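*Asks:* Please find one structure pasted underneath; my questions will follow.
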DNA sequence: AGAAATTTGTCCGTATGTATC
DNA sequence: AGATACATACGGACAAATTTC
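So, in structure tokens, the structure goes:
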């Protein structure tokens, strides 16, 4: 199979399909997703494509992956596992994730509430103390 | 070379090296990074690895890529501090209000959830369309 | 305790399509 | 038209963490 990207790329289609499985409970919270090898067979896609699809879900914090174990559907309470405290710089990007637009954001972007937005959170430190937290929101279409 | 290393994936090492070049001014703001082919030769890495490294910097908004052009070092002074895209469109402060800290914010500021924070929301427009919404959070009385 | 199997992580090389200069 | 760069997709390989036998 060469590379026809008509419309949606395959990894996005696969990501959406897996997202639906998680959101409908076909894959319950905390459960393991099928291993990459199984998804390769099911979707007849290469491993790279499967991993790219899972990467989309991971960025959206819908799944979490552990080396040697597998990829789990996220638990609702495991939201604050960012734990990126390495930088000494003044501004540090903490995370990027997809969130559903609340009413305010939906009104600003003129979309329906619940539309997926990309949220970036960063913190500004003075010494070790957090001075400010910044969250920016963009449409998924990007810049 | 099969796959040496570990301790740090190659693409992260390359990303860190490029980040240093940008932050030290070896690659000045707005300047083009070397093309992928040059980085491939310099680091003896495959294209995918180079692109992955650049992807890390792009996500952190340290660089920006343009189709058919190349990858530029970001204009740190105006772009990184504000989180906005330099010089594009108009910025308008929408509102200031007090909100209760959610779990993420409480953890960042090292206070209890529910502590009052000052939230400022502003939007960046290009024409009439909203490009980006920014929300900043500070402790009350901290400016 | 140890070896094998499973699963994810990373890297390589290649190929095709698309967009811009 | 040609060069450059990006997006997507494939296949193969070895490394590392975990589980299973």
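Protein chains in written order, with the numbering used here: chain Y, 1 to 143; chain F, 1001 to 1143.
Just so you know, even glycine gets a beta-carbon here, dropped at the ideal spot from N, CA and C.
Treat the numbers as computed from the prediction; the structure is a model and nothing was measured.
Which residues of chain Y have a Cβ atom closer than 8 Å to the Cβ of residue 1063 of chain F, listed in chain order?
*Replies:* Taking the second chain and counting its residues from 1, the one referred to as residue 1063 of chain F is at position 63. Result: empty, since nearest Cβ-Cβ is about 13 Å, beyond 8 Å.
*Asks:* Buried or exposed: residue 1053 of chain F, going by 16 or more other Cβ atoms within 10 Å of its Cβ?
*Replies:* Stepping through the second chain from its first residue, residue 1053 of chain F is reached at position 53. It is buried - the Cβ of residue 1053 of chain F has at least 16 other Cβ atoms within 10 Å.
*Asks:* Leaving aside the five residues before and after residue 40 of chain Y along the sequence, list all residues of the same chain whose C-beta is less than 8 Å from its C-beta, in chain order.
*Replies:* Counting from one through the first chain, the residue named residue 40 of chain Y turns up at place 40. If we look at residue 40 of chain Y and ignore the five residues flanking it on each side, its Cβ neighbours are 46, 47 and 50.
*Asks:* For residue 19 of chain Y and residue 27 of chain Y, what's the separation of their Cα atoms in angstroms?
*Replies:* Taking the first chain and counting its residues from 1, the one referred to as residue 19 of chain Y is at position 19. Taking the first chain and counting its residues from 1, the one referred to as residue 27 of chain Y is at position 27. Going from the Cα of residue 19 of chain Y to the Cα of residue 27 of chain Y covers about 9 Å.
*Asks:* Take the Cβ of residue 1101 of chain F as the centre, count every other Cβ of all protein chains shown within 10 Å, and call the residue buried at 16 or more, exposed below.
*Replies:* Position 101 of the second chain holds residue 1101 of chain F. That one is buried.
*Asks:* Just the chain F side, please: which residues come within less than 7 Å of residue 72 of chain Y by C-beta, in chain order?
*Replies:* Indexing the first chain from 1 puts residue 72 of chain Y at position 72. By Cβ distance, chain F contributes nothing, its closest Cβ being about 20 Å from residue 72 of chain Y, past 7 Å.
*Asks:* Quick one: which residues of the stretch 1100-1115 of chain F get their C-beta closer than 8 Å to a C-beta of chain Y? List them in chain order.
*Replies:* Taking 8 Å as the Cβ-Cβ cut-off against chain Y, the residues of the stretch 1100-1115 of chain F that qualify are 1103, 1104, 1105, 1107, 1108, 1109 and 1110.
*Asks:* For residue 133 of chain Y, tell me which candidate among Y:34, Y:11, Y:95 and Y:110 has the shortest Cα-Cα distance.
*Replies:* Here residue 133 of chain Y corresponds to residue number 133 of the first chain, with the count starting at 1. Nearest C-alpha to residue 133 of chain Y: Y:95.
*Asks:* Confirm the yes/no value for this check: CB of residue 1063 of chain F, any heavy atom of the ligand PLP, distance under 6 Å.
*Replies:* The model depicted lacks the ligand PLP and carries no ligand whatsoever.
*Asks:* Cβ closer than 7 Å: which chain Y residues qualify as neighbours of residue 1098 of chain F?
*Replies:* Stepping through the second chain from its first residue, residue 1098 of chain F is reached at position 98. In chain order: nothing, as chain Y lies at least about 15 Å away.
*Asks:* Looking at the unbroken alpha helix (DSSP H) that takes in residue 48 of chain Y, where does it start and where does it end?
*Replies:* For this step, residue 48 of chain Y is matched to residue 48 along the first chain. Run containing residue 48 of chain Y: 47-59, per the alpha helix (DSSP H) assignment.
*Asks:* So if I threshold CB-CB distances at 8 Å, which residues from the stretch 1020-1052 of chain F count as touching chain Y?
*Replies:* Of all residues in the stretch 1020-1052 of chain F, none has a Cβ within less than 8 Å of some Cβ in chain Y.
*Asks:* Leaving out five residues before and five after residue 130 of chain Y in sequence, what residues of the same chain have Cβ atoms less than 6 Å from its Cβ?
*Replies:* Mapped onto the first chain, residue 130 of chain Y falls at position 130. These residues qualify, in order along the chain: 123.
*Asks:* Looking at residue 172 of chain Y: is its Cβ nearer than 7 Å to the Cβ of residue 22 of chain Y?
*Replies:* Given a span of 1 to 143 for chain Y in the structure shown, any question on residue 172 of chain Y remains unanswerable.
*Asks:* Any C-beta of chain F sitting closer than 7 Å to the C-beta of residue 57 of chain Y?
*Replies:* Taking the first chain and counting its residues from 1, the one referred to as residue 57 of chain Y is at position 57. No, its Cβ sits nowhere closer than 7 Å to a Cβ of chain F.
*Asks:* Can you tell me where the alpha helix (DSSP H) with residue 1074 of chain F in it begins and where it stops?
*Replies:* Within the second chain, the letter at position 74 stands for residue 1074 of chain F. Note, residue 1074 of chain F: premise wrong, no alpha helix (DSSP H); not H, not E.
*Asks:* I'd like to check one pair, residue 1137 of chain F with residue 1110 of chain F: are the Cβ atoms closer than 7 Å?
*Replies:* Counting from one through the second chain, the residue named residue 1110 of chain F turns up at place 110. Counting from one through the second chain, the residue named residue 1137 of chain F turns up at place 137. No, these two residues do not count as a Cβ contact at 7 Å.
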